[in-house]
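*Asks:*
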Amino acid sequence: MFLLPRTRRQKSEDAIYHVMIRSITEVPLFKKHKDKIRYLNKMREYQKQYGFKVYAYCLMTNHGHFIIDSNGADISKIMHGLNFSYAINFNKINKRRGPLFQDRFKSKIVDTQRYLITLSAYIHNNVLDITGYEKCPEKYKYSSLKVYLGLEKDATGLLDEAFIMQYFSNNVKEARENYAKLVYICDDEKIKNELEFQDEETEYRSDRTIIVRDFEPDEILKFIEKETGIDKIMCHVKNNKNSKIVKALASLLMRSLCNYR
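Under the working numbering, the first residue of the sequence shown is numbered 1179, with each subsequent residue one higher.
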């Protein structure tokens, strides 16, 4: 039996990605609705740590789609940690063993504005395959479309919908109307094949600011020392309250700003 080598994942520190996750054939990725909530909440935890942005998402029974702006972080590290953590919890709850996800996650760099906009509509149209949502994808709870159209607020805290919506109009109402038109005409097989793998505000504004993640560990320790008043040497001391604080902060900041594992 010959195994084909994995192709090197196309990555960039300042890239926006179309990310897809999928479970192995015999197991649904999300057995219950609360599994979808659990995955989104876990993603929010990783977002707080790594500072990436989510521009759109849709979770189905056996797969999910996301538009993720890595914002200077390593997309592989983010998704590996997220999926590994979810799988461990899923297996524990369902008393099972073995892999949950089908191979690695899939990712593709979004390199044009047209691709970004069309991709968001494609992701939001995924739910058209679900009985009962063929004509009303905006009612599906585990998709960001409802937030785009102003029907609900983002309960997850994950979403930055303004980044895409600003392309449709700076005026919120007009942007929602224009985006709705796109979604409802974008259920096109050719597009699918290409991509497969009340107003609280008055206008949309969203800019990308890439987080620099090339700090040295000693710079992190000096920063902690300056901000907390705790000598960085405490990082090497055992069984001390201050050393625990320094180590916890150092671990968090080094993972986020030094791209450490």
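Ideal Cβ placement from N, Cα and C applies to all residues, glycine included.
If I measure Cβ to Cβ from residue 1200 and keep anything under 6 Å in the same chain, skipping five residues before and after, which residues do I get?
*Replies:* Against the sequence shown, residue 1200 aligns to sequence position 22. These residues qualify, in order along the chain: 1241 and 1280.
*Asks:* According to DSSP, is residue 1201 part of a helix, a strand, or is it coil?
*Replies:* Start at 1 with the first residue of the sequence shown, and residue 1201 comes out as number 23. The answer is strand: DSSP assigns residue 1201 an E or B state.
*Asks:* How should residue 1341 be labelled, buried or exposed, when 16 other C-beta atoms within 10 angstroms of its C-beta is the threshold for buried?
*Replies:* Position 163 of the sequence shown, counting from 1, holds the residue named residue 1341. Residue 1341 should be labelled buried.
*Asks:* Can the beta-carbon of residue 1269 be found less than 8 Å from the beta-carbon of residue 1278?
*Replies:* Within the sequence shown, residue 1269 is the residue found at index 91, counting from 1. Within the sequence shown, residue 1278 is the residue found at index 100, counting from 1. Taking 8 Å as the Cβ cut-off, residue 1269 and residue 1278 qualify as a contacting pair.
*Asks:* Going by C-alpha distance, which of 1288, 1221, 1248 and 1313 is nearest residue 1262?
*Replies:* By one-based count along the sequence shown, residue 1262 stands at place 84. Comparing Cα positions, the closest option is 1221.
*Asks:* Return helix, strand or coil for residue 1264, following the three-state DSSP convention.
*Replies:* As a working mapping, residue 1264 is identified with position 86 in the sequence shown. If DSSP states are grouped into helix, strand and coil, residue 1264 belongs with the helices.
*Asks:* With 16 as the cutoff for other CB atoms within 10 Å, does residue 1291 come out buried or exposed?
*Replies:* The residue given as residue 1291 occupies position 113 in the sequence shown. So residue 1291 counts as exposed.
*Asks:* Using a Cβ-Cβ cutoff of less than 7 Å, which residues in the same chain neighbour residue 1193 once the five nearest sequence positions on both sides are dropped?
*Replies:* Reading the sequence shown from its first residue, position 15 is the one you call residue 1193. Excluding positions up to five away in sequence, the list reads 1248 and 1287.
*Asks:* Using only CA atoms, which one of 1312, 1296 and 1273 lies nearest to residue 1346?
*Replies:* In the sequence shown, counting from the first residue as 1, residue 1346 sits at position 168. The candidate whose alpha carbon is nearest that of residue 1346 is 1296.
*Asks:* May I ask you to verify whether the stretch 1231-1246 touches the stretch 1213-1220, counting CB pairs closer than 8 Å and requiring at least 3?
*Replies:* Touching, per the Cβ criterion.
*Asks:* Using beta-carbon positions only, say whether residue 1256 and residue 1285 come within less than 8 Å of one another.
*Replies:* Here residue 1256 refers to the residue found at position 78 of the sequence shown. Here residue 1285 refers to the residue found at position 107 of the sequence shown. No, these two residues do not count as a Cβ contact at 8 Å.
*Asks:* Within the continuous alpha helix (DSSP H) that includes residue 1175, where are the two ends?
*Replies:* Lying outside 1179 to 1439, the shown extent of the chain, residue 1175 is not represented and no answer is given.
*Asks:* What does a CB cutoff of less than 6 Å around residue 1312 pick up in its chain, not counting 5 residues either side in sequence?
*Replies:* Residue mapping note: residue 1312 aligns to position 134 of the sequence shown, counting from 1. 1306.
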